[in-house]
Amino acid sequence: MKIKLFKQEIEGSSIRQIERSSGEVLKNCYQCGNCSGGCPVSYEMDLPPSQAIRFLQLGKVEEVKKANSMWLCVGCQQCFSRCPKSVSAANLFEALRQMSLRQGKDHREIRDLPVSFLEKAPQQAIVCGFRKLVS
Ligand code: SF4
Ligand code: SF4
14 MKIKLFKQEI EGSSIRQIER SSGEVLKNCY QCGNCSGGCP VSYEMDLPPS QAIRFLQLGK
74 VEEVKKANSM WLCVGCQQCF SRCPKSVSAA NLFEALRQMS LRQGKDHREI RDLPVSFLEK
134 APQQAIVCGF RKLVS
């Protein structure tokens, strides 16, 4: 019965799309919390990585999309390096960002950034930043 319910919740959401796009298998996570413990920005996240993954496991995609977590993730892969099950929260957040951006949410144009910022910011920071902010 529980498995049937879980399947229905998953099928009613875009969980499969997230797994396909990220290359991650959500059920591999057994909620040890190592990822959240090592994440340098989890203290600012509405949902730390392990909690976001739990929500996704339960099919609560919209809750995760509404949280600020995917936008704060800096892609350092500390979560992946600490995960005993080789799950990358970074890849899941990246997939969620791409899905949101393709739906036209939070899209940023590089021409909207101040020239003073573009002149001073390291090139890598701009590339990484825009990897997050454009689809
Ligand atoms: S470290 Fe891995 S197994 Fe542990 S909660 Fe995070 S994703 Fe899940
Ligand atoms: S990649 Fe993102 S979620 Fe993972 S530890 Fe770094 S900031 Fe946290």
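For the numbering used here, add 13 to where a residue sits in the sequence shown, where the first one is 1. Cβ atoms here follow ideal geometry from the backbone N, Cα and C, with glycine treated the same way.
Note to self: Taking the alpha helix (DSSP H) that Gln91 belongs to, which residues open and close that run?
What the structure shows: It spans 91 to 95 - the alpha helix (DSSP H) in which Gln91 sits, taken as one unbroken run.
Check: So, Gln91 versus Cys45, is the Cβ gap smaller than 9 Å?
Finding: The criterion of a C-beta distance shorter than 9 Å is not satisfied by Gln91 and Cys45.
Checklist line | Given 8 Å, three or more beta-carbon pairs between the region 90 to 108 and the region 27 to 42 | finding: Counting C-beta pairs with one atom in each stretch, the region 90 to 108 and the region 27 to 42 have three or more that are closer than 8 Å, which means they touch.
Next item on the list: State the CB to CB distance for the pair Val128 and Cys86, rounded to an integer number of angstroms; the pair is presumed to be in contact (CB under 8 Å).
Entry: Rounded, the Cβ-Cβ distance is 27 Å, inconsistent with contact.
Notebook entry, point to check: Near Glu32, what residues of its chain come up, given a Cβ to Cβ distance below 7 Å and the 5 sequence neighbours on each side ignored?
Noted result: Taking C-beta separations shorter than 7 Å and ignoring five residues to either side along the sequence, the partners of Glu32 in its chain run Val38, Leu39, following chain order.
Check: Just how far apart, CA to CA, sit Ser109 and Lys79?
Finding: At residue 109 the sequence reads Leu, which differs from the Ser that was named. For Leu109 and Lys79, the distance between alpha carbons rounds to 10 Å.
Notebook entry, point to check: Quick one: Cα of Gly50 to Cα of Asp125, how far?
Noted result: Distance from the CA atom of Gly50 to the CA atom of Asp125, rounded to whole angstroms, is 35 Å.
Margin query: Quick check on this structure: which residue in Leu114, Ser27, Ser35, Pro135 has the alpha carbon closest to the alpha carbon of Phe93?
Written below: Comparing alpha-carbon positions, the option among Leu114, Ser27, Ser35, Pro135 lying closest to Phe93 turns out to be Ser35.
Notebook entry, point to check: Counting only runs that start and end within the region 27 to 70, where is the alpha helix (DSSP H) found for 4 or more residues in a row?
Noted result: Complete alpha helix (DSSP H) runs here, min 4: 28 to 35, 47 to 51, 62 to 70.
Next item on the list: Give the straight-line distance between the Cα atoms of Tyr56 and Leu69, rounded to the nearest whole angstrom.
Entry: About 20 Å.
Item checked: Backbone secondary structure at Asn194 - three-state DSSP -> One cannot answer for residue 194 here, as it falls past the ends of the chain, which runs 14 to 148.
Item checked: Nearest to Pro88 (by Cα), restricted to the options Val140, Gln30, Ile28, Arg67 -> The identity of residue 88 in the sequence shown is Gly, whereas the question assumes Pro. Here the closest residue by C-alpha is Val140.
Item checked: Candidates Ile28, Met112, Gln136, of which the one nearest Lys73 by Cα -> Comparing Cα positions, the closest option is Ile28.
Margin query: On the criterion of 16 or more Cβ atoms from any shown chain inside 10 Å, does Pro62 qualify as buried, or is it exposed?
Written below: So Pro62 ends up on the buried side.
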